[in-house]
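Novice: Read in order, the letters of the sequence shown correspond to residues 16 to 296 in our numbering.
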Amino acid sequence: MSRIDLHLHTTHSDGSLRPSDVLALAKQASVTALAITDHDITTGINEAIAAGRELGIEVIPGVEVSSFDGRSEFHILGYYVQCEDPVFMSRLATLRDSRHRRNPLIIERLRGAGLDVTYDEVRALAGTESVGRPHIARLMMQKKYVSSAKEAFDRYLGEGKPAYVARELPTPVEAIQWIREAKGVAVLAHPTWVKDTGDALRSCVTALKNAGLGGVEVHYSTHSKSQTAQYLELARRLNLLVTGGSDFHGITKPDIGVGCGRGDLKVNPSLLEPLKAAANG
Ligand code: AMP
Ligand code: ZN
Ligand code: FE
Ligand code: FE
């Protein structure tokens with residue numbers, strides 16, 4: 016059965032597989048169209064498009080921008096963004112710079128906790144300018160301080176844990192505006208990250224819609240059936256597009272597969288046309 020996957024990470028940010036390897040897995044999973052949505056960077060898209068051409072998979076240019084409203088982290092996916100837009104590219108570069116200011120502080124805290132890790136080692140392992148906590152987690156796994164990325168986040172790197180350091184982030188409204196100015200469609204990723212629920216969530220998403228949000232990632236690897244139903248209802252009420260994706264990362268999320276999430280994710284190819292229409296409209 017054919018399917019699509021609109022949320023995938025590669026070695027160009029904190030995924031552990033190259034774009035062409037992600038595409039090969041997508042082919043095996045009967046994925047007919049996908050979006051590469053690396054954090055704060057679009058350099059993986061051309062390799063993905065070339066691999067997609069070979070395999071007969073449509074590749075949508077994408078990006079995932081982190082933002083913060085003072086309470087929750089909002090990840091905003093940008094689809095069909097113009098990768099040659101110099102203003103957008105410099106905004107993404109600013110976001111990557113904020114990673115490089117935060118990450119050494121995380122390393123200092125890990126060293127303070129007795130772990131022998133350096134930022135040079137993290138950068139060498141990452142091999143990209145978009146260096147994230149999953150890269151730090153991978154180094155900690157390699158050095159046997161933890162046995163999984165989950166353990167690294169649960170014990171050290173996650174919010175409220177001893178090596179947690181926040182980074183400077185735009186607000187969700189700014190992230191949406193940046194994506195819109197780069198001619199992209201802005202979609203709220205994994206809405207479970209928003210700390211509001213019920214009516215408060217609806218008014219929060221309404222405000223984002225007024226700022227230019229185009230859709231909600233209703234289908235997601237870790238959503239329960241009732242969460243999926245709740246976000247579908249929210250999207251329908253607010254007349255927002257419905258999207259979905261696995262958030263595949265490879266080794267740091269070993270239970271998540273391309274196109275299939277934890278095994279029960281299936282994003283219908285029919286969701287793609289409305290997204291495309293919104294990008295062109
Ligand atoms: P950063 O972009 O550096 O703030 O790191 C956040 C990224 O870490 C998220 O986008 C996820 O991909 C990943 N992440 C967050 N929590 C976990 C976890 N428990 N296990 C593995 N990866 C995680
Ligand atoms: Zn990530
Ligand atoms: Fe995310
Ligand atoms: Fe993601």
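Backbone N, C-alpha and C fix where the C-beta goes; we use that ideal spot for every residue, glycine too.
(1) Whose C-alpha, out of 196, 161 and 231, is nearest the C-alpha of residue 96?
(2) Under the criterion of a Cβ to heavy atom distance below 7 Å, does residue 232 qualify as lining ligand 3?
(3) CB-CB under 8 Å to residue 162, same chain, minus the five flanking residues each way: which ones, in chain order?
(4) In chain order, what are the residue ranges of uninterrupted beta strand (DSSP E) at least 3 long that sit wholly in the region 190–230?
(5) For residue 27, verify whether its CB is less than 7 Å away from any heavy atom of ligand 4.
(6) When we look at the beta-carbon of residue 206 and count the other beta-carbons within 10 Å, is it buried (16 or more) or exposed?
(7) Between residue 218 and residue 87, what straight-line distance do the alpha-carbon atoms span, to the nearest angstrom?
(8) Note down the Cα distance separating residue 23 from residue 221, rounded to an integer number of angstroms.
(9) Cutting at 7 Å between CB atoms, please list the residues of its own chain near residue 76, excluding the five before and the five after it.
(10) Based on the DSSP output, what are the partners of residue 174 in its beta bridges?
(11) Quick one, which of 201, 66, 240 and 271 has its alpha-carbon nearest residue 81's?
(12) Using 7 Å as the cut-off, classify the Cβ of residue 149 as near or not near the heavy atoms of ligand 1, replying yes or no.
(13) State yes or no: is the C-beta of residue 271 within less than 8 Å of the C-beta of residue 190?
(14) Give me the Cα-Cα distance between residue 177 and residue 239, rounded to the nearest whole angstrom.
(15) With a 10 Å radius around its C-beta and 16 neighbouring C-beta atoms as the bar for buried, classify residue 143 as buried or exposed.
(16) Return yes when the Cβ of residue 215 is within less than 8 Å of the Cβ of residue 232, no when it is not.
(17) Should residue 115 be counted as a contact of ligand 2 given a C-beta to heavy atom distance under 7 Å?
(18) Less than 8 Å between the CB atoms is what I'm expecting for residue 302 and residue 111, so what's the real figure, rounded?
(19) Closer than 7 Å by C-beta to residue 289: which residues in its own chain qualify, once you throw out the five before and the five after it? Chain order, please.
(20) Less than 8 Å between the beta carbons of residue 180 and residue 124, yes or no?
(21) List in chain order the residues whose CB is within less than 6 Å of at least one heavy atom of ligand 3.
(22) So, are the CB atoms of residue 50 and residue 32 less than 8 Å apart?
(23) Any heavy atom of ligand 2 within a distance shorter than 7 Å of the CB on residue 22?
(24) What's the call for residue 208, buried or exposed, on a 16-neighbour Cβ count within 10 Å?
(25) I'd like to check one pair, residue 284 with residue 17: are the Cβ atoms closer than 8 Å?
(26) For ligand 2, I want to know if residue 264 counts as a neighbour, meaning its beta carbon is within less than 7 Å of at least one of the ligand's heavy atoms.
Specialist: Checking against the coordinates, here is how it stands:
(1) Checking every option, the nearest Cα to that of residue 96 belongs to 196.
(2) Answer for residue 232: no, Cβ out of range of ligand 3.
(3) Same-chain partners within the cutoff: 156.
(4) Taking only runs of at least 3 residues, the beta strand (DSSP E) segments lying wholly in the region 190–230 are 200–203.
(5) It does not: the Cβ of residue 27 is nowhere closer than 7 Å to a heavy atom of ligand 4.
(6) Buried, by the Cβ-count rule.
(7) For residue 218 and residue 87, the distance between alpha carbons rounds to 15 Å.
(8) Going by the C-alpha atoms only, they are around 26 Å apart.
(9) Excluding five sequence positions before and after residue 76, the CB atoms of its chain that fall closer than 7 Å to its own CB belong to 57, 60, 95, 96 and 98, given in chain order.
(10) Per the DSSP secondary-structure output, residue 174 pairs with nothing in a beta bridge.
(11) A check of alpha carbon separations from residue 81 across 201, 66, 240 and 271 identifies 201 as the nearest.
(12) Yes, since a heavy atom of ligand 1 falls inside the 7 Å radius drawn around the Cβ of residue 149.
(13) Inclusion of residue 271 and residue 190 in the CB contact set at 8 Å is not warranted, their separation being larger than that value.
(14) Distance between the alpha carbons of residue 177 and residue 239: 30 Å.
(15) Buried, by the Cβ-count rule.
(16) For the pair residue 232 and residue 215, the CB atoms are not nearer than the 8 Å cut-off.
(17) It does not: the Cβ of residue 115 is nowhere closer than 7 Å to a heavy atom of ligand 2.
(18) Residue 302 cannot be examined here, being either before or after the span of the chain that is shown, 16 to 296.
(19) Non-local C-beta neighbours of residue 289 in its own chain, meaning closer than 7 Å and more than five positions away in sequence, comprise 256, ordered along the chain.
(20) In this structure, the beta-carbon distance from residue 180 to residue 124 falls below 8 Å.
(21) Every residue whose Cβ sits closer than 6 Å to any heavy atom of ligand 3 is listed here in chain order: 79, 90, 204 and 205.
(22) It is not a contact, given that the beta carbons lie outside the stated cut-off.
(23) Checking the Cβ of residue 22 against ligand 2 gives no.
(24) Taking all protein chains in view, the Cβ of residue 208 is surrounded by fewer than 16 other Cβ atoms within 10 Å, so the residue is classified as exposed.
(25) Closer than 8 Å, so yes.
(26) For residue 264, the shortest C-beta to heavy atom distance toward ligand 2 is below 7 Å.
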